[in-house]
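Participant: One structure follows; several queries about it will come next.
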Amino acid sequence: MRSVYAKEMLIYFTSPIFYAVSFIFLCVLGIFFYNDMTYMSMLASRIAQYQLSTGLSLDKIVLRPLFSDMSILLLFIVPIIAMRLYSEEKANGTIELLFTYPIRDVDVLAGKYLAGISIIGILLGMTWVLMLLEGTVVTPDWGLVLSSYLGLFLVAASFLAIGVFASCLTRNQIIAATSSLGIILAFWAIGWFSDVFSGSSIAKVLGELGLMEHLDDFLKGMLNVKDAVFYLLFSLFFLFMSLRVLESHTWRG
Amino acid sequence: MITVEGITKYYGPKLAIDSISFEVRQGEILGFLGPNGAGKSTTMRIITAFMPPTSGRVRVMGYDTVDDSLEVRKRIGYLPENNPLYTEMKVESFLRFAAFAKNVKRKNIRATVDTVVGECGLHDVRRRIIAQLSKGYRQRIGLAQALINDPPVLVLDEPTIGLDPRQIYEIRQLIKDLSGSRSIILSSHILPEVSQLCDRVAIVNKGKIIAVDSPSNLTAQLTDHRIIEVYVGERMDETLELLKDLEGVVSASRFNSHIQVETPKDMDLRPVIAKKIVEAGIPLMELHAKEMSLEDIFMELVTEEEV
Chain A
1 MRSVYAKEML
11 IYFTSPIFYA
21 VSFIFLCVLG
31 IFFYNDMTYM
41 SMLASRIAQY
51 QLSTGLSLDK
61 IVLRPLFSDM
71 SILLLFIVPI
81 IAMRLYSEEK
91 ANGTIELLFT
101 YPIRDVDVLA
111 GKYLAGISII
121 GILLGMTWVL
131 MLLEGTVVTP
141 DWGLVLSSYL
151 GLFLVAASFL
161 AIGVFASCLT
171 RNQIIAATSS
181 LGIILAFWAI
191 GWFSDVFSGS
201 SIAKVLGELG
211 LMEHLDDFLK
221 GMLNVKDAVF
231 YLLFSLFFLF
241 MSLRVLESHT
251 WRG
Chain B
254 MITVEGITKY
264 YGPKLAIDSI
274 SFEVRQGEIL
284 GFLGPNGAGK
294 STTMRIITAF
304 MPPTSGRVRV
314 MGYDTVDDSL
324 EVRKRIGYLP
334 ENNPLYTEMK
344 VESFLRFAAF
354 AKNVKRKNIR
364 ATVDTVVGEC
374 GLHDVRRRII
384 AQLSKGYRQR
394 IGLAQALIND
404 PPVLVLDEPT
414 IGLDPRQIYE
424 IRQLIKDLSG
434 SRSIILSSHI
444 LPEVSQLCDR
454 VAIVNKGKII
464 AVDSPSNLTA
474 QLTDHRIIEV
484 YVGERMDETL
494 ELLKDLEGVV
504 SASRFNSHIQ
514 VETPKDMDLR
524 PVIAKKIVEA
534 GIPLMELHAK
544 EMSLEDIFME
554 LVTEEEV
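Written out as structure tokens, the structure is:
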């Protein structure tokens with residue numbers, strides 16, 4: 001497992017995809033952050049001007065929109081990070097090396113998944129520049145920040161599991177990325193359908209299946225075991241499915 | 254070392270290999286010879302535990318490729334068809350990964366990589382990115398990764414394909430040097446290669462093994478007649494008539510510069526032919542028995558199958 005992990009990390013850092021993705025991710029996030037901050041300073045000057053008594057909530061005006069933007073950005077970026085994990089090996093034929101080396105399929109999968117997780121961790125870690133920048137001006141609610149990061153990390157881990165699964169299905173990286181985006185969007189939208197069946201138990205099930213629904217509490221600074229467990233099980237499910245797909249190469253011919 | 258027991262493989266409804274059985278002994282190089290699409294790569298993929306056979310089984314050093322896949326994989330070095338490599342990696346880091354993945358002990362990895370780099374002549378390129386290297390070097394890297402954990406069994410799928418003659422020579426030399434106590438299976442559709450390198454040859458066509466034996470035995474067994482080539486200075490037509498009437502001659506026919514005489518396998522008519530021609534006063538320039546090459550046998554077997 002460690003060998004595959006090390007190899008994947010090395011390839012991530014030598015391929016341009018990682019640099020392109022993180023550049024765009026950070027740029028877009030920087031723009032959002034700048035917008036939110038200028039909006040906030042505008043509001044602050046208004047409040048000062050009219051001597052209003054309402055306090056300004058940094059959390060509500062800057063942090064929450066920023067984190068929710070981050071979750072949307074991750075939705076697009078994680079499939080791109082995940083797409084090469086198996087598809088590239090299939091297209092180049094290197095899968096034949098990997099599957100004839102004495103490593104179990106599950107260890108290969110774990111190595112690849114953890115490499116993806118590390119890349120996501122690095123991406124999220126880099127956004128701490130924004131948090132520190134903000135910390136120089138005001139003191140944010142660090143509890144909220146931490147719980148939001150935990151939530152984002154968990155939701156990104158679920159996206160990654162879907163991405164790995166899609167990557168197992170095809171040798172074409174673009175198809176892998178698009179189909180994982182499709183699956184992610186489907187699990188995002190699934191919550192909306194709960195309104196259609198409102199009142200029935202189907203509504204409850206659909207509502208609980210929505211990927212983004214479980215993020216809300218994290219972004220409000222609440223840590224729910226239920227939500228964390230949901231993301232973990234969701235990831236495990238897709239990793240398990242990936243393993244099944246990989247095993248099928250032994251009987252599909 | 255390797256026992257292949259009646260393996261059959263279907264790709265969907267398509268039969269790729271049909272109850273193939275053979276054995277490879279320790280220290281032996283077995284050549285797998287056959288036209289493209291004969292099932293060579295499929296057989297190799299089954300032996301290396303990349304995929305299971307539809308029926309039958311393969312044992313490598315006593316381990317079943319399906320039930321003890323990991324044990325088999327520990328003992329096999331495999332150079333797959335088209336030699337896939339992680340081309341974005343540097344030669345050294347790729348070999349380090351291969352060593353690590355093949356359970357070479359941490360503290361031995363450096364020494365192991367140094368050894369294969371030396372064996373495969375990769376000194377000059379060890380810090381280069383694989384994508385920038387020539388095909389010859391890549392082939393050596395493919396061999397190097399196969400060798401890295403010093404496996405007792407090597408499976409090489411078309412190791413010399415796409416190389417220039419000098420590189421082919423070098424790779425062959427390398428394979429010869431590697432053999433020692435190892436068992437090697439290599440596939441090829443180049444005949445001289447197989448006859449030069451291998452102790453035994455398995456000829457495959459359309460998913461079946463048509464013959465397994467040493468190159469010389471194959472030649473001896475499969476020739477059912479002897480061909481004698483006769484070169485005369487002049488009066489070729491006259492000579493042809495003369496030879497046709499000779500007792501024991503199956504047929505005689507004229508080629509551009511010589512006459513070819515076919516005689517039964519167990520009869521050597523050379524002295525008789527020579528005497529006859531000289532007696533007739535025709536200048537005899539040259540006369541020799543034509544060795545049937547592996548190529549002829551191969552063509553014969555493969556075409557026989559098709560009829």
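Order-wise, the sequence lines are chains A and B.
Residue 55 in my numbering is what sits at position 55 of the first sequence, and the numbering runs on without skipping anything.
Residue 359 in my numbering is what sits at position 106 of the second sequence, and the numbering runs on without skipping anything.
For each residue, glycine too, the CB sits at the ideal point set by N, CA and C.
Using a C-beta cutoff of 8 Å, does B/Lys459 count as contacting chain A?
Facilitator: Cβ-Cβ to chain A under 8 Å: no for B/Lys459.
Participant: Relative to the C-alpha of A/Ile263, which residue among A/Leu133, A/Arg46, A/Leu160, A/Asn35 is closest?
Facilitator: Past the edges of chain A, shown from 1 to 253, lies residue 263 of chain A, and the structure says nothing about it.
Participant: Tell me the rounded alpha-carbon separation between A/Ile11 and A/Val196.
Facilitator: Approximately 46 Å, taken between the alpha carbons.
Participant: So, is the C-beta of B/Met304 closer than 8 Å to a C-beta in chain A?
Facilitator: True, the Cβ-Cβ gap to chain A drops below 8 Å.
Participant: For the segment 3–18 of chain A, which residues have a beta carbon sitting closer than 9 Å to at least one beta carbon of chain B?
Facilitator: Taking 9 Å as the Cβ-Cβ cut-off against chain B, the residues of the segment 3–18 of chain A that qualify are Ser3, Val4, Ala6, Lys7, Leu10, Ile11, Thr14, Ser15.
Participant: Near B/Val560, which residues of its chain fall below 6 Å by C-beta distance, leaving aside the five closest residues on each side in sequence?
Facilitator: Confidence in B/Val560 is poor, its pLDDT being 46 and thus under 50, which makes the residue's placement unreliable; the coordinate value appears in the next sentence. So the list is empty, once near-sequence residues are dropped.
Participant: Would you identify the three-state DSSP class for B/Val560, choosing helix, strand or coil?
Facilitator: Below a pLDDT of 50, predicted positions are generally treated as unreliable, and B/Val560, at 46, falls in that range; the measurement from the model is reported next regardless. B/Val560 falls in the coil class under three-state DSSP.
Participant: Using only alpha-carbon positions, find the residue among B/Tyr263, B/Glu446, B/Phe350 that is nearest to B/Glu423.
Facilitator: Considering only alpha carbons, the answer is B/Glu446.
Participant: Counting pairs of Cβ atoms below 8 Å between the segment 96–103 of chain A and the segment 176–195 of chain A, do you hit three or more?
Facilitator: In short, these stretches do not touch, since the Cβ pair count stays below three.
Participant: Please compile the residues from chain B whose C-beta is within a distance smaller than 7 Å of the C-beta of A/Gly93.
Facilitator: Here the neighbours are Pro333, Asn335, Pro337.
Participant: What does the alpha-carbon distance come out to for the pair A/Thr94 and A/Leu169?
Facilitator: Cα-Cα distance, rounded: 16 Å.
Participant: For the segment 395–410 of chain B and the segment 338–354 of chain B, state whether three or more C-beta atom pairs, one from each stretch, are separated by less than 8 Å.
Facilitator: Flag = yes, the segment 395–410 of chain B and the segment 338–354 of chain B touch.
Participant: Using Cβ-Cβ distances below 8 Å, what residues of the segment 341–357 of chain B are close to chain A?
Facilitator: Answer in chain order: Glu341, Met342, Ser346, Phe350, Ala351, Phe353, Ala354, Lys355, Asn356.
Participant: Going by DSSP in three states, B/Gly259 sits in which element: helix, strand or coil?
Facilitator: Reduced to three states, the DSSP call for B/Gly259 is strand.
Participant: If you run the structure through DSSP and keep just helix, strand and coil, what is B/Tyr565?
Facilitator: Shown here, chain B extends from 254 to 560; a query on residue 565 of chain B therefore has no answer.
Participant: Using a Cβ-Cβ cut-off of less than 7 Å, list which residues of the segment 267–301 of chain B approach chain A; keep chain order.
Facilitator: For the segment 267–301 of chain B, which is checked against every Cβ of chain A, the residues closer than 7 Å are Thr301.
Participant: Between B/Leu522 and chain A, is there a C-beta pair that is closer than 8 Å?
Facilitator: No, no contact with chain A.
Participant: What three-state label does DSSP hand B/Met552 in the structure shown?
Facilitator: Helix at B/Met552.
Participant: According to DSSP, what are the bridge partners of B/Val457?
Facilitator: In the DSSP output, where bridge partners are listed per residue, B/Val457 has B/Ile462.
Participant: Please confirm if B/Leu407 has its CB atom under 8 Å from at least one CB of chain A.
Facilitator: It does not: the Cβ of B/Leu407 has no partner Cβ on chain A nearer than 8 Å.
Participant: In the DSSP assignment, the beta strand (DSSP E) including B/Gln426 goes from what residue to what residue?
Facilitator: Note, B/Gln426: premise wrong, no beta strand (DSSP E); alpha helix (DSSP H) at 418–432.
Participant: By Cβ distance below 6 Å, which residues in the same chain neighbour A/Leu130 in space, the five residues on each side in sequence not counted?
Facilitator: Contacts found: Phe33.
Participant: Going by DSSP in three states, B/Lys343 sits in which element: helix, strand or coil?
Facilitator: Strand.
Participant: Report yes or no: is there a C-beta of chain B within less than 8 Å of the C-beta of A/Glu96?
Facilitator: Yes, A/Glu96 lies at the interface with chain B (some Cβ there is under 8 Å from its Cβ).
Participant: According to DSSP, simplified to helix, strand and coil, what is B/Ala302?
Facilitator: In the structure shown, B/Ala302 sits in coil (DSSP, three-state: anything other than H, G, I, E or B).
Participant: Could you work out which residue in A/Glu88, A/Leu146, A/Thr139 is closest to A/Gly125 when comparing CA atoms only?
Facilitator: Closest option to A/Gly125, Cα to Cα, is A/Leu146.
Participant: Under 8 Å: do the segment 268–276 of chain B and the segment 453–469 of chain B share three or more Cβ pairs, one atom per stretch?
Facilitator: With the cut-off at 8 Å, the segment 268–276 of chain B and the segment 453–469 of chain B touch.
Participant: Please say whether B/Ser294 and B/Glu334 have beta carbons closer to each other than 8 Å?
Facilitator: Going by C-beta atoms, B/Glu334 is nearer than 8 Å to B/Ser294.
Participant: Go ahead and pull the three-state DSSP assignment for A/Gly253.
Facilitator: Residue placement at A/Gly253 is flagged as unreliable, the pLDDT there being 49, under the threshold of 50; the coordinate-derived value follows with that caveat. If DSSP states are grouped into helix, strand and coil, A/Gly253 belongs with coil.
Participant: Using 10 angstroms around the beta-carbon of A/Leu214, count the other beta-carbons present and answer buried if the total reaches 16, otherwise exposed.
Facilitator: Before going further, note that residue 214 of chain A is His rather than Leu in the sequence given. A/His214 comes out buried.
Participant: Using only alpha-carbon positions, find the residue among A/Leu74, A/Gly191, A/Leu211 that is nearest to A/Ile202.
Facilitator: The shortest C-alpha separation from A/Ile202 is found at A/Gly191.
Participant: Taking only the alpha-carbon atoms, compute the straight-line gap between A/Thr139 and A/Trp128 and give it to the nearest angstrom.
Facilitator: Those two C-alpha atoms are separated by around 14 Å.
Participant: Which value, in whole angstroms, describes the spacing of the CA atoms of B/Leu416 and B/Ile526?
Facilitator: Spanning the two alpha carbons is a distance of roughly 45 Å.
Participant: Within 8 Å of any Cβ in chain B, is that where the Cβ of A/Ile103 sits?
Facilitator: Taking Cβ atoms only, chain B reaches closer than 8 Å to A/Ile103, which makes this a yes.
Participant: Determine the closest residue to B/Met489 out of B/Val465, B/Gly534, B/Ala464, with distance taken between C-alpha atoms.
Facilitator: Ranking the options by Cα distance to B/Met489, first place goes to B/Gly534.
Participant: If we define contact as Cβ-Cβ less than 8 Å, is A/Thr100 a contact residue for chain B?
Facilitator: Cβ-Cβ to chain B under 8 Å: yes for A/Thr100.
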